Amino acid sequence: MKILTISRHFPNAILHEVWARDPQVWHSLLAEQGLSRRILNEPRSRIPMDKYIALYRRGSAYLRDEAFGFLVHPLKPGTFAIACEYAANASDIGGALERLCHFYGIVTEDLALTLHRDGDSNASVAVRLKDARLDRFHFITELFLCIAYRLMCWMADQAIPLDRVMLSHTPPRHAAEYIFFFPCPSRFGIDGPSRLEFDARFLRLPVLKSGNDLRAFAERMPEDLLSSTIANDSFSNQVYLTLQTGSDDRTLGFAEVARELALSEQTLRRRLRAEASSFQTIKDDLRRDKAIFLLSTGAHTIADIAERLAFSSPAAFSRAFKKWTGLPPREYQGQASDQALLRGGVAPPS
1 MKILTISRHF PNAILHEVWA RDPQVWHSLL AEQGLSRRIL NEPRSRIPMD KYIALYRRGS
61 AYLRDEAFGF LVHPLKPGTF AIACEYAANA SDIGGALERL CHFYGIVTED LALTLHRDGD
121 SNASVAVRLK DARLDRFHFI TELFLCIAYR LMCWMADQAI PLDRVMLSHT PPRHAAEYIF
181 FFPCPSRFGI DGPSRLEFDA RFLRLPVLKS GNDLRAFAER MPEDLLSSTI ANDSFSNQVY
241 LTLQTGSDDR TLGFAEVARE LALSEQTLRR RLRAEASSFQ TIKDDLRRDK AIFLLSTGAH
301 TIADIAERLA FSSPAAFSRA FKKWTGLPPR EYQGQASDQA LLRGGVAPPS
């Protein structure tokens, strides 16, 4: 089952312009997913990935803007799909990225994507915004860097290693999420545009997808961009996915996970440390994500979930859950349908 969760930063970003236009619509979109305003306002909270994907699609459709109001002018629905078809006509990954950059340069002056080659060794894809002040959540910058990277990997049908992601903004609260989008070191506060850096030899890889394949990829937006099975070879992600194969009542140990990944324990520990992660942190993240997923289905009581996740009591589970998310478990059990919220008159999302 898919139990991944995502920081509340992301739904807040995509629904920001929805709130500005009509708070009632904002409340309705949350209510459809069984989410409350408190969940989006609590800095530590997270939501199930499937609910975020639904909000992404509904928010974009309501705004009729694939940029969610973060550019000077909207990107009309279907823009990304056409960009993918255009990119697919290239013979190699470098040509596909050039086509992607060229396409967006034609359809908007608000966003510039550029592919830079430094001889035969280094390459980068950069994002520059006409008015960066509009991208208050850094959402467009993150989105288009993610699009460029995931498209590269998907078209080449392999995980392309990144050297680093360079970001012009300061580290945001959700910086810990970056390793799951970009499996490489992140550097913040750089001069110049935000960019991905990688070995230029990968630009010569052939495009293995057809226009129809890429059209289908675009229609699934943003699911494939967020999928942990595409392009992400970070060790944090590999450990998470390996742990996910275990049962609720028996979590795999560190030695077992290392064997599954064909690594020594020392090597795996070192590589997780390089990603600013640890085995215990990932285990806690998985337990948290399972709890959020089970609560959001509405099919389990708090006592059931506490027992399933091997907590000593419902009270112990509730304490751990509040430590993880800043909210009690009941907040994830459909509280967004509260009619007081739907009447509006509440503070906007933070």
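Reading the sequence shown from the start, the letters are residues 1 to 350 in the UniProt record's numbering.
Each residue gets a CB set at the ideal place from its N, CA and C atoms; glycine is no exception.
Quick caveat: nothing in here was measured; it's all calculated off a predicted structure.
Are there 16 or more other CB atoms within 10 angstroms of the CB of residue i, so buried, or fewer, so exposed?
i	result
asparagine 212	exposed
threonine 229	The predicted model places threonine 229 with a pLDDT of 45, which falls under 50 and marks its position as unreliable; any figure quoted below should be read in that light. Flag for threonine 229 reads exposed.
glycine 192	exposed
glutamate 265	exposed
aspartate 157	exposed
proline 74	buried
asparagine 237	buried
proline 222	buried
glycine 119	exposed
glycine 105	exposed
alanine 331	For the record, residue 331 in the displayed sequence is glutamate; it is not alanine. Under this definition glutamate 331 is a buried residue.
lysine 209	buried
serine 60	buried
glutamine 280	exposed
serine 121	exposed
glutamine 24	exposed
proline 161	exposed
arginine 99	buried
lysine 51	buried
glycine 253	exposed
arginine 288	buried
aspartate 131	exposed
proline 77	exposed
glutamate 219	exposed
arginine 173	exposed
proline 11	buried
alanine 316	exposed
alanine 336	Only weak support exists for where alanine 336 lies, its pLDDT of 37 falling under 50; the coordinates are left without a value.
aspartate 22	exposed
lysine 283	buried
alanine 231	Confidence at alanine 231 is low in this model, with a pLDDT of 46, below 50, so its placement is unreliable and the value that follows should be read with caution. Buried, since its Cβ has 16 or more Cβ neighbours within 10 Å.
serine 91	exposed
Give me whichever residues DSSP pairs with residue i in a beta bridge.
i	result
arginine 164	Glu197
proline 48	Thr5
aspartate 92	Pro206
Am I right that residue i and residue j are in contact with their C-beta atoms under 8 Å? What's the rounded C-beta distance?
i	j	result
isoleucine 140	leucine 129	6 Å
threonine 108	arginine 46	The pair is not a contact, with the Cβ atoms about 32 Å apart (cut-off 8 Å).
alanine 303	proline 314	5 Å
glutamate 142	threonine 325	22 Å between Cβ atoms; not a contact.
leucine 196	alanine 148	6 Å
proline 329	serine 312	So it is not a contact: roughly 15 Å between Cβ atoms.
isoleucine 39	arginine 8	6 Å
aspartate 224	tryptophan 154	7 Å
leucine 268	leucine 261	6 Å
leucine 243	threonine 251	7 Å
First and last residue of the beta strand (DSSP E) that includes residue i?
i	result
phenylalanine 202	Neither: phenylalanine 202 is in no beta strand (DSSP E) and is coded neither H nor E.
arginine 64	Here arginine 64 belongs to no beta strand (DSSP E), and DSSP marks it neither H nor E.
Could you give the first and the last residue of the continuous alpha helix (DSSP H) run that contains residue i?
i	result
phenylalanine 254	254 to 260
arginine 187	Arginine 187 -> not in any alpha helix (DSSP H); beta strand (DSSP E) instead, spanning 186 to 188.
aspartate 284	279 to 297
threonine 301	Run containing threonine 301: none; DSSP gives neither H nor E here.
glutamate 219	211 to 219
glutamine 266	265 to 274
lysine 323	314 to 325
residue 396	Nothing can be reported for residue 396: it is not among the residues displayed for the chain, which extend from 1 to 350.
phenylalanine 70	Here phenylalanine 70 belongs to no alpha helix (DSSP H), and DSSP marks it neither H nor E.
leucine 243	235 to 244
glutamate 42	From DSSP, glutamate 42 is part of no alpha helix (DSSP H); its letter is neither H nor E.
residue 351	This structure cannot speak to residue 351, because the chain is shown only from 1 to 350.
leucine 226	223 to 226
Is there a Cβ of chain C sitting closer than 8 Å to that of residue i, yes or no?
i	result
leucine 167	In the structure shown, chain C does not exist; there is a single protein chain.
Considering only residues of the stretch 108 to 181, which uninterrupted alpha helix (DSSP H) runs meet the minimum length of 4 residues and lie entirely inside it, listed in chain order?
-> 139 to 156, 178 to 181
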